[in-house]
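Q:
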Amino acid sequence: MGQKQSKLTNQDKAIFQLKLSRDNLNKFTRNTNNLIENERANLKSAIRQDISNGKDYKANVNIRILLKRIHYQEILLSKANDQLINLENMLSNIEFKLIEKDFIKGVDTGNKILTKLNKELNIDYVNDVMDTLEDQMSYEREVDQVLNSNILRIGNTGNIAISLDDEIDKELDQMLGEQKLSQQDVDESKIVEDKLPSVEHLPLPAAKVQPEKEKETETQREMPLTN
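Note that the numbering used here gives residue 564 to position 159 of the sequence shown, counting from 1, and the numbers run on in steps of one.
(1) Is the beta carbon of residue 455 less than 8 Å from the beta carbon of residue 465?
(2) Are residue 634 and residue 535 touching if we call contact CB-CB under 8 Å?
(3) Checking 8 Å against the spacing of the C-beta atoms, do residue 479 and residue 441 come in under that value?
(4) Note the first and the last residue of the continuous alpha helix (DSSP H) segment covering residue 463.
(5) DSSP on residue 424, reduced to helix/strand/coil?
(6) I need the straight-line Cα distance from residue 443 to residue 427, nearest angstrom please.
(7) Please identify the residue among 516, 522, 434 whose C-alpha is closest to the C-alpha of residue 482.
(8) Near residue 406, what residues of its chain come up, given a Cβ to Cβ distance below 6 Å and the 5 sequence neighbours on each side ignored?
(9) Could you check how far apart the C-beta atoms of residue 489 and residue 526 are, in whole angstroms? I think they sit under 8 Å.
(10) Helix, strand or coil for residue 458 per DSSP?
(11) Decide yes or no for the touch test of the region 467–475 against the region 513–526: beta carbon pairs closer than 8 Å, at least 3 of them.
(12) To the nearest angstrom, how far is it from the Cα of residue 552 to the Cα of residue 545?
(13) Measure the C-alpha to C-alpha separation of residue 528 and residue 519 and round it to an integer number of angstroms.
(14) Does the distance from the C-beta atom of residue 446 to that of residue 467 stay below 8 Å?
(15) According to DSSP, is residue 587 part of a helix, a strand, or is it coil?
(16) Run through DSSP, which three-state label would residue 543 get?
(17) What do you reckon, are the CB atoms on residue 414 and residue 485 nearer than 8 Å?
(18) When you compare only the Cα positions, how much space is there between residue 511 and residue 418?
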């Protein structure tokens with residue numbers, strides 16, 4: 406669906422009529438200027454012709470009528486220019502007043518919004534907000550003071566203040582080092598295990614068979630001596 410066209414007001418119609426009159430005057434002045442230029446060219450041509458023919462061009466009726474027409478057209482052109490200037494001024498004033506009207510409406514709307522905000526942001530409310538902010542900032546300062554006081558260390562050369570950020574960074578670095586060492590031990594153990602050969606598929610060793618003489622000798626050694 407297309408956008409609904411806004412209805413023209415009497416003010417819009419009046420402005421449109423003024424602009425239409427201005428355009429018509431501009432068209433009239435252009436045509437009149439062209440007409441005057443053409444008639445002046447014709448007048449000069451007629452004067453040159455009478456002079457070349459040895460006639461008195463001032464006594465030529467057509468030349469005198471043509472010159473009067475030129476003067477009349479110039480008078481009309483001057484009046485048209487005056488009316489055009491008046492129309493331009495009127496349109497400029499109307500457009501400026503419309504802008505001024507919109508400006509006043511904007512200022513009025515802004516004043517209403519500002520009045521409403523001033524009612525909402527009363528002195529008591531602002532003071533409460535600022536007091537709360539000051540309390541929060543004071544609490545933050547106390548927390549920082551407690552934290553900083555707890556990380557003071559005493560050395561041979563006196564009291565050395567170590568910032569909380571440095572202490573945290575040091576502890577994190579230590580944890581990272583321990584983690585790397587632990588991971589390194591795990592990796593080395595896995596490397597050793599991977600290098601050892603697997604014994605799952607190796608054959609079992611065969612039992613050793615002793616000769617008969619060795620068996621008899623061992624039997625005699627085990628028998629006790631009798632008197």
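Yeah, the Cβ is synthetic: ideal placement off N, Cα and C, and Gly gets one too. Given the structure is predicted, the values throughout are model-derived calculations rather than measurements.
A: To lay it out plainly:
(1) yes
(2) It is not possible to answer for residue 634, since the shown part of the chain is limited to 406 through 632.
(3) yes
(4) Element bounds for residue 463: n/a, residue is neither H nor E.
(5) helix
(6) 25 Å
(7) 434
(8) Its pLDDT being 46, under 50, residue 406 is placed unreliably in this model, and the coordinates cannot settle the point.
(9) Their Cβ separation, rounded to whole angstroms, is 54 Å, which puts residue 489 and residue 526 out of contact at 8 Å.
(10) coil
(11) no
(12) 11 Å
(13) 15 Å
(14) no
(15) helix
(16) helix
(17) no
(18) 25 Å
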